[in-house]
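One structure is given below, encoded as structure tokens.
Residue numbers (the numbering used here): 4 to 90.
This is the structure:
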């Protein structure tokens, strides 16, 4: 089976699978944050998990494609994000 197909449209196959992670969060604080931003005449395109955003900000495209881990050591928390094949 072929792995790493980013866009399967137009392809023929006998199985389709997905590797994914699901994050959950309390909707009320996220909605309140979005309302605050909207009241500042700005819009929210999407919300992402902090470790994912840190990795996208700190790693270059080659590192994302080849695979890398990003360790974000902050004042009160430390997060680790692992990227492989650009994801």
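Note that beta-carbon positions come from the ideal geometry of N, C-alpha and C, so glycine has one too.
*Exposure label - residue 73; buried when at least 16 CB within 10 Å*: Translated into the one-based positions of the chain shown, residue 73 becomes position 70. By the neighbour-count rule (16 or more Cβ atoms within 10 Å), residue 73 is buried.
*Determine the direct distance from the alpha carbon of residue 49 to that of residue 40, and round the result to whole angstroms.*
On the chain shown, residue 40 is found 37 positions in, with the first residue counted as 1. On the chain shown, residue 49 is found 46 positions in, with the first residue counted as 1. Pairing residue 40 with residue 49, the inter-Cα distance amounts to about 12 angstroms.
*Run through DSSP, which three-state label would residue 46 get?*
On the chain shown, position 43 is the one that residue 46 refers to. Correct three-state label for residue 46: coil.
*asked:* Quick check on residue 57: does DSSP put it in helix, strand or coil?
replied: By one-based count along the chain shown, residue 57 stands at place 54. Helix at residue 57.
*Applying the criterion that 16 or more other CB atoms from any shown protein chain within 10 Å of the CB defines a buried residue, is residue 16 buried or exposed?*
Counting from one through the chain shown, the residue named residue 16 turns up at place 13. Answer is exposed; the Cβ neighbour count stays below 16.
*Short check: CB of residue 54 to CB of residue 82, under 8 angstroms?*
The residue given as residue 54 occupies position 51 in the chain shown. The residue given as residue 82 occupies position 79 in the chain shown. Cβ distance < 8 angstroms, so residue 54 and residue 82 count as in contact.
*Whose CA, out of 90, 79, 80, lies closest to the CA of residue 66?*
As a working mapping, residue 66 is identified with position 63 in the chain shown. Checking every option, the nearest Cα to that of residue 66 belongs to 90.
*Verify the CB distance criterion: does residue 59 have a CB-CB separation below 8 angstroms to chain C?*
As a matter of chain content, chain C is missing from the structure shown, which is built from one protein chain.
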